[in-house]
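Student:
There are 2 protein chains.
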Amino acid sequence: MHNYDVKQEVTDKYSLRGRVFNKIREDILSGKYREHEELKEVAIGEELGVSRTPVREAFRQLELEGLIQIVPNKGAYVTGITAKDVEDIYRIRSLLEGLCAKWATEYITQEQLEELEENVYLADFHAAKGHLDQMADLDNRFHHILYEACNSKQLARLLIDFHEYVLRVRKKTLSSGGRGRISNDEHRQIMEAIKAKDADRAEALAHEHMINAYDNMVKNGLYHIYPSYGEDGPADGKG
Amino acid sequence: MHNYDVKQEVTDKYSLRGRVFNKIREDILSGKYREHEELKEVAIGEELGVSRTPVREAFRQLELEGLIQIVPNKGAYVTGITAKDVEDIYRIRSLLEGLCAKWATEYITQEQLEELEENVYLADFHAAKGHLDQMADLDNRFHHILYEACNSKQLARLLIDFHEYVLRVRKKTLSSGGRGRISNDEHRQIMEAIKAKDADRAEALAHEHMINAYDNMVKNGLYHIYPSYGEDGPADGKG
DNA sequence: CGTAGTATGATTGTATACAATTATACCTAA
DNA sequence: TTAGGTATAATTGTATACAATCATACTACG
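Sequences listed follow chains G and B, in order. One point on numbering: in my numbering, the residue at position 70 of the first sequence is 1013, and numbering is uninterrupted. One point on numbering: in my numbering, the residue at position 103 of the second sequence is 1046, and numbering is uninterrupted.
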């Protein structure tokens, strides 16, 4: 599995806290809980058949993940994401994806490189067939391979977090006409650059790849954010 | 104070959980708890005069902050930091500090710019006098002004987290011969670039500034991977 | 009619009791 | 003597009880 997966799957699977955490997280990402909605400990506890304790602990984690905001003695509210947040995250992420590709060029193993190649060729096949789900999975996997290959658990942790964070606002990015194929072409170029040990080129390509993904998402309206109360106001939009 | 300060000071001050969180965090950062040391809920609870509940919740936060690692049904252990972790973090941070300076060039207010100028001139004075504590404070403040000025709570959150994280391994970075003055010269150049609205130059300078800080730290052995009990706290005292 | 104050209910914060799991020590058998 | 297993202690995981705080609505008074 992933060496750098910070979420311990064991915990998430066997502890109530972990299960609650994942459940709430999924519900926020899927849109079941909307922005600024209040999450009540007893309600969620009853819904999941657990007491308040694991729910509360899950809340603390969710807050640190940035998915909810806890105001003392009041409650937990689903964090609002503005369009600017999304843009900022993509711009930050594009830098770090570039760095990741650069480092991966140096540290990637033969095995990982082969999986990268396989990934690209497989994605070509599914792109031709129009298999969107498989495309999405392969896209995910492609990036995760690079996260592992960069040999930095710090960078991997960041990128995994970012990736999961943007899932909140992403619809089916790859489903729009042709982007899936174009995206995979970019993957291939990145892979080739890494294979050729051209770190700078890999960095630049990965960087652009992310920018293109964002541009495409915006251009086609493929993400959605719920209008938030303080969005237009100054950045002071908290408590 | 800081618009983008994610740690709610209210919570930290008035809730047991917040106080416990800060206390443990300080103890890890100061070296009271060493790497791989096990933190026991009852022990810490008794030491601070609280029950296990707030301690446990603080643990969950500390884990997400990356300071401890919780293994299910076993315990909480202080996270080990390797030399490579430190290097990676500085290289990532140098990129993001550059991005921050670039964005700040666009969004900085007149007031913030003036505080930046004042900061640099004041630091010059204290550098001449050899006031190390004041230098450390001003260094902190300089970067925090940029974090605010970049107009991105996402980026600010990242950089603040990084900054606090590296406090674990930093000794008195600025105290070594001449680095304080050199560092402030770099600050001045960054400030001037921002003032001249030269975003690219500001970015490059901030980027280099961070790399230089790291190089200096490594060259002079000014960081310690294994914190030891009773050692001098981080130079960047924060209140 | 409107406002302030208070009472009541709801919700979170904390403490404690109990269950489950893990570590340790001692005992037994080869 | 040592390997293995069981009993006991220690520790974490979860549930529940109690305290503190906040929101709401109603009442009294102007």
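Glycine is no exception: its CB is placed at the ideal position from the N, C-alpha and C atoms. All of these numbers come straight from a predicted model, not from anything done at the bench.
How should Thr1048 of chain B be labelled, buried or exposed, when 16 other C-beta atoms within 10 angstroms of its C-beta is the threshold for buried?
Tutor: Thr1048 of chain B should be labelled buried.
Student: On the DSSP bridge list, what partners appear for Arg999 of chain B?
Tutor: Looking at the DSSP assignment, Arg999 of chain B forms no beta bridge with any residue, so it has no partner.
Student: Just the Cα atoms here: how many angstroms apart are Gly1041 of chain B and Tyr1050 of chain B?
Tutor: Whole-angstrom Cα-Cα distance: 14 Å.
Student: I'd like the list of long-range same chain contacts for Glu1058 of chain G, defined as Cβ closer than 7 Å, with 5 residues on each side in sequence excluded.
Tutor: Around Glu1058 of chain G: Ile1088.
Student: Mind checking who Gln1012 of chain B pairs with in its DSSP beta bridge?
Tutor: Gln1012 of chain B pairs with B:Tyr1020.
Student: Pull the bridge partners of Arg1113 of chain G from the DSSP assignment, please.
Tutor: BP columns for Arg1113 of chain G point to G:Tyr1166.
Student: Could you tell me the boundaries of the alpha helix (DSSP H) in which Ser958 of chain G lies?
Tutor: It is not in any alpha helix (DSSP H) - Ser958 of chain G carries neither H nor E in the DSSP assignment.
Student: In whole angstroms, what separates the C-alpha of Glu984 of chain G from that of Gly961 of chain G?
Tutor: If I take the Cα positions, the gap works out to 15 Å.
Student: Can you pull the chain B residues whose beta carbon is under 7 Å from the beta carbon of Gln1097 of chain G, in chain order?
Tutor: In chain order: Asp1028, Asp1031, Ile1032, Ile1035.
Student: Please name the residue in G:Asn1062, G:Leu1005, G:Ala1142, G:Ile987 whose C-alpha comes closest to that of Asp1104 of chain G.
Tutor: Ranking G:Asn1062, G:Leu1005, G:Ala1142, G:Ile987 by Cα distance to Asp1104 of chain G puts G:Leu1005 first.
Student: If you follow the alpha helix (DSSP H) that Asp1067 of chain G is part of, which residue opens it and which one closes it?
Tutor: Note, Asp1067 of chain G: alpha helix (DSSP H), 1053-1072.
Student: Report all residues from its chain with a CB closer than 7 Å to the CB of Leu1007 of chain G; omit the five preceding and five following residues, and keep chain order.
Tutor: Counting only Cβ-Cβ distances below 7 Å, and skipping sequence neighbours, we find nothing.
Student: Give me the Cα-Cα distance between Arg977 of chain G and Tyr1033 of chain G, rounded to the nearest whole angstrom.
Tutor: Distance between the alpha carbons of Arg977 of chain G and Tyr1033 of chain G is about 22 Å.
Student: Are the C-beta atoms of Pro1015 of chain G and some chain B residue less than 7 Å apart?
Tutor: Yes, Pro1015 of chain G lies at the interface with chain B (some Cβ there is under 7 Å from its Cβ).
Student: Would you report the Cα separation of Thr1022 of chain B and Glu989 of chain G, rounded to the nearest angstrom?
Tutor: Rounded to the nearest angstrom, the two C-alpha atoms are 34 Å apart.
Student: For Gly1176 of chain B, which residues of its own chain have a beta-carbon under 6 Å away from its beta-carbon, when the five flanking residues on both sides are left out?
Tutor: Low local confidence applies: a pLDDT of 32 at Gly1176 of chain B is under 50, so the model's placement there is unreliable, and no value is given.
Student: Which chain B residues are close to Arg1003 of chain G, counting only those with a beta carbon under 7 Å from its beta carbon?
Tutor: Under the 7 Å cutoff, chain B gives Glu1000, Arg1003, Gln1004.
Student: Closer than 8 Å, Cβ to any Cβ of chain B: which residues of the region 977-989 of chain G, in chain order?
Tutor: Answer in chain order: no residues at all.
Student: Can you find a CB in chain G that lies within less than 7 Å of the CB of Leu1038 of chain B?
Tutor: Cβ-Cβ to chain G under 7 Å: yes for Leu1038 of chain B.
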